[in-house]
Ligand SMILES: Cc1cc2nc3c(=O)[nH]c(=O)nc-3n(C[C@H](O)[C@H](O)[C@H](O)COP(=O)(O)OP(=O)(O)OC[C@H]3O[C@@H](n4cnc5c(N)ncnc54)[C@H](O)[C@@H]3O)c2cc1C
Ligand SMILES: [Zn+2]
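Protein chains in written order, with full-length UniProt numbering: chain Z, 1 to 93; chain G, 1 to 416.
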């Protein structure tokens with residue numbers, strides 16, 4: 001598996017660290033129901049078989065956080081962008 | 001089908017044409033008292049104990065492929081009960097006790113081999129951590145021995161003791177640990193369940209749930225609608241998908257774990273040996289192949305195959321520990337989909353949906369759990385209350401804070 005980093009080009013997956021689901025949004029700790037919202041944020045995942053938006057860190061390269069879309073059934077990447085440039089739309093809960 | 005010395009001799013002389021199927025490949029009926037989704041080790045064991053121990057025989061096991069085609073047929077067959085935490089250790093020891101009597105219990109050769117599991121330590125801090133784990137095991141009545149360097153050398157003289165970076169200082173040994181024949185475990189449970197009236201239905205994928213007044217009352221499958229009094233999910237790496245059909249999100253990510261087998265050689269590795277400085281573990285099968293593995297690949301996957309970076313990492317671990325294997329050829333490698341939970345421990349519990357029960361979150365270590373997992377899940381399905389040794393495996397522990405995190409790694413599945 002190779003990841004095409006927007007800075008560094010196609011690089012071996014061994015250079016990257018995986019964080020996980022890239023659609024999660026940190027809840028507002030002051031909002032009502034924050035405890036339940038944090039439980040969902042920290043522990044619950046959609047874990048789809050198919051298209052998955054996810055965060056990778058290019059530790060062995062430019063040290064950027066990347067947000068990628070990848071098919072979990074084939075490992076094929078659809079897109080890779082800098083995480084800061086690609087804030088996802090509000091996640092469907 | 002029963003086997004004996006006599007039947008073996010007869011079949012050997014008559015060209016092996018008289019063998020009949022070991023268990024009954026059933027067609028689904030319209031309704032059952034209990035439907036188990038998933039014909040892996042856990043699903044089959046659950047059905048077996050439901051029928052044998054709890055007197056519930058009107059049961060079906062629905063499997064989307066063929067039984068034993070999932071992780072139960074893909075694992076590296078290690079069984080052990082060397083856990084640290086009180087929520088885990090009594091459960092895994094229950095499993096170990098069931099392993100010890102399993103072949104007598106279901107009258108099938110599962111090749112349970114208590115050849116020992118040895119975890120090596122490479123620093124003072126790691127020795128202290130292993131001593132603590134060994135003591136925790138002993139507090140639960142489980143055997144454990146802390147070996148020093150000479151003790152390890154006597155068992156496995158071929159290891160690299162003087163590696164400059166990670167010298168071997170000793171190891172934690174559980175002599176009752178070892179390996180079992182994974183396929184035979186599936187077949188033994190299948191036969192035992194089938195003989196007691198359980199329908200094992202293959203090529204029957206669950207595609208949805210039938211609901212009435214909020215309760216699940218059946219499943220939609222590729223072979224029609226099947227009604228059920230209770231439904232138990234035991235689908236391992238596919239837990240999130242099946243739970244999703246009932247509207248549930250689980251504290252689980254699916255990850256791929258790879259395993260490797262070398263060409264066969266003469267007996268070399270005495271038991272199971274794990275490298276404490278990297279992630280590498282190895283044993284030798286009865287056919288002579290070295291069976292080994294290491295870390296999960298570390299990203300969400302349903303592909304049942306992994307990547308070369310991990311192959312390299314695992315082989316580096318092997319070379320650091322026992323360079324003599326460097327000229328062996330790799331025969332096969334494969335991957336399986338792990339249900340990695342958010343604290344690294346399993347879930348055996350009711351779900352918020354009435355009538356639906358969950359057995360999941362086994363991570364890379366659910367084979368050793370198979371007998372106790374089946375027993376405790378059957379107990380829950382039959383009595384609607386958890387078995388005492390599985391009482392900590394609650395689904396709501398992530399909300400209540402009663403996590404069972406052996407490694408203290410936090411809610412990051414690829415670190416467990
Ligand atoms: C490479 C590898 C090495 C491992 N090594 C070890 C080890 O040494 N020791 C250890 O203790 N554990 C080990 N494990 C983990 C262990 O194999 C699993 O935790 C355990 O097998 C999971 O339970 P199971 O046997 O019921 O799973 P499975 O055999 O995967 O059973 C689940 C079944 O559910 C079926 N299913 C899924 N969705 C549906 C649906 N919608 N409808 C119908 N059926 C469905 C699947 O087809 C599958 O057959 C390893 C795993 C792997 C992959
Ligand atoms: Zn980069």
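Even for Gly, the Cβ is constructed at its ideal location relative to N, Cα and C.
To the nearest whole angstrom, what separates the beta carbons of residue i and residue j, a pair I think is in contact under 8 Å?
i	j	result
residue 289 (chain G)	residue 311 (chain G)	Actually they do not touch by this definition, with Cβ atoms about 16 Å apart.
residue 257 (chain G)	residue 296 (chain G)	5 Å
residue 221 (chain G)	residue 120 (chain G)	Residue 221 (chain G) to residue 120 (chain G), Cβ: 47 Å. No contact.
residue 35 (chain G)	residue 56 (chain G)	Their Cβ separation, rounded to whole angstroms, is 12 Å, which puts residue 35 (chain G) and residue 56 (chain G) out of contact at 8 Å.
residue 317 (chain G)	residue 294 (chain G)	6 Å
residue 110 (chain G)	residue 180 (chain G)	5 Å
residue 199 (chain G)	residue 26 (chain G)	4 Å
residue 40 (chain G)	residue 108 (chain G)	No, residue 40 (chain G) and residue 108 (chain G) are not in contact; Cβ-Cβ is about 17 Å, not under 8 Å.
residue 139 (chain G)	residue 172 (chain G)	Between residue 172 (chain G) and residue 139 (chain G) the Cβ distance is about 15 Å, and since that is not below 8 Å, they are no contact.
residue 246 (chain G)	residue 353 (chain G)	5 Å
residue 196 (chain G)	residue 407 (chain G)	39 Å between Cβ atoms; not a contact.
residue 253 (chain G)	residue 64 (chain G)	So it is not a contact: roughly 21 Å between Cβ atoms.
residue 14 (chain G)	residue 1 (chain G)	Not confirmed; about 16 Å, so no contact.
residue 79 (chain G)	residue 178 (chain G)	6 Å
residue 390 (chain G)	residue 91 (chain G)	6 Å
residue 217 (chain G)	residue 210 (chain G)	5 Å
residue 174 (chain G)	residue 112 (chain G)	That pair is no contact at about 14 Å.
Bridge partners for residue i per DSSP, in chain order?
i	result
residue 31 (chain G)	G:227
residue 357 (chain G)	G:232 and G:350
residue 189 (chain G)	Answer is none; residue 189 (chain G) lacks a bridge partner.
residue 57 (chain Z)	Z:17 and Z:65
residue 2 (chain Z)	Z:12
residue 334 (chain G)	G:259
residue 339 (chain G)	G:254
residue 45 (chain Z)	G:250
residue 82 (chain Z)	Z:66
residue 393 (chain G)	The partner list for residue 393 (chain G) (beta bridge, DSSP) is empty, contrary to what the question assumes.
residue 16 (chain G)	In the DSSP output, where bridge partners are listed per residue, residue 16 (chain G) has none listed.
residue 51 (chain Z)	Z:71
residue 25 (chain G)	G:200
residue 375 (chain G)	In DSSP, residue 375 (chain G) forms no bridge with anything.
residue 77 (chain Z)	Z:70
Does residue i have its Cβ less than 8 Å from a Cβ in chain A?
i	result
residue 198 (chain G)	Absent from the structure: chain A. Protein chains present are Z and G.
Sequence ranges, alpha helix (DSSP H) only - wholly within the segment 259-317 of chain G, length at least 4: Complete alpha helix (DSSP H) runs here, min 4: none at all.
field: By C-beta, the residues closer than 6 Å to any heavy atom of ligand 2, given in chain order
entry: Matched residues: Z:5, Z:7, Z:8, Z:58, Z:61, Z:62 and Z:64.
Secondary structure, alpha helix (DSSP H): runs of 4+ residues fully inside the segment 75-124 of chain G: The qualifying runs are 89-106.
Interface positions of the segment 18-33 of chain Z facing chain G (Cβ-Cβ less than 9 Å), listed along the chain: Residues passing the 9 Å Cβ filter: 18, 19, 20 and 21.
message: For the segment 381-408 of chain G, list every residue whose C-beta sits within 9 Å of some C-beta in chain Z, in sequence order.
response: So the close ones are 398 and 399.
message: Counting only Cβ-Cβ distances shorter than 7 Å, please list the residues of the segment 47-80 of chain Z near chain G, keeping chain order.
response: Per Cβ criterion, the list reads 47, 49, 52, 54, 72, 73, 74 and 75.
message: Restricting to runs no shorter than 4 residues, where is the alpha helix (DSSP H) found entirely within the UniProt domain "Rhodanese" (34-78) of chain G?
response: Considered as a whole, the UniProt domain "Rhodanese" (34-78) of chain G harbours 41-53 as its complete alpha helix (DSSP H) runs of no fewer than 4 residues, in chain order.
message: Please identify, using Cβ separations under 7 Å, the residues of the segment 1-15 of chain Z that lie next to chain G, in order along the chain.
response: Along the segment 1-15 of chain Z, going in chain order, the ones with a CB nearer than 7 Å to a CB of chain G are 1, 12, 13 and 14.
query: Mind listing which residues of the segment 320-353 of chain G have their C-beta closer than 7 Å to chain Z's C-betas, in chain order?
result: Taking 7 Å as the Cβ-Cβ cut-off against chain Z, the residues of the segment 320-353 of chain G that qualify are 342.
query: In chain order, which beta strand (DSSP E) runs of at least 3 residues are fully inside the segment 115-184 of chain G?
result: Within the segment 115-184 of chain G, the complete beta strand (DSSP E) runs of at least 3 residues are 117-121, 145-148 and 170-174.
message: Runs of 3 residues minimum, wholly inside the segment 198-226 of chain G: which ones carry the beta strand (DSSP E) assignment?
response: With a minimum length of 3 residues, the continuous beta strand (DSSP E) runs that stay inside the segment 198-226 of chain G are 199-201, 206-212 and 215-221.
message: Tell me which residues of the segment 291-302 of chain G have at least one Cβ-Cβ distance to chain Z shorter than 8 Å, keeping chain order.
response: Per Cβ criterion, the list reads 298, 299, 300, 301 and 302.
field: Within 7 Å of chain Z by C-beta, residues of the segment 302-319 of chain G in sequence order
entry: Flagged, chain order: 302, 303, 307 and 309.
field: Near-chain Z residues of the segment 246-257 of chain G (beta-carbon distance less than 8 Å), N- to C-terminal order
entry: Within the segment 246-257 of chain G, the qualifying residues are 249, 250, 251, 252, 253 and 254.
query: Which residues, in order along the segment 230-244 of chain G, keep a beta-carbon less than 7 Å from a beta-carbon of chain Z?
result: Result list: 240 and 241.
message: Under 8 Å, CB to CB, which of the residues in the segment 191-223 of chain G have a partner in chain Z?
response: Answer set for the segment 191-223 of chain G: empty.
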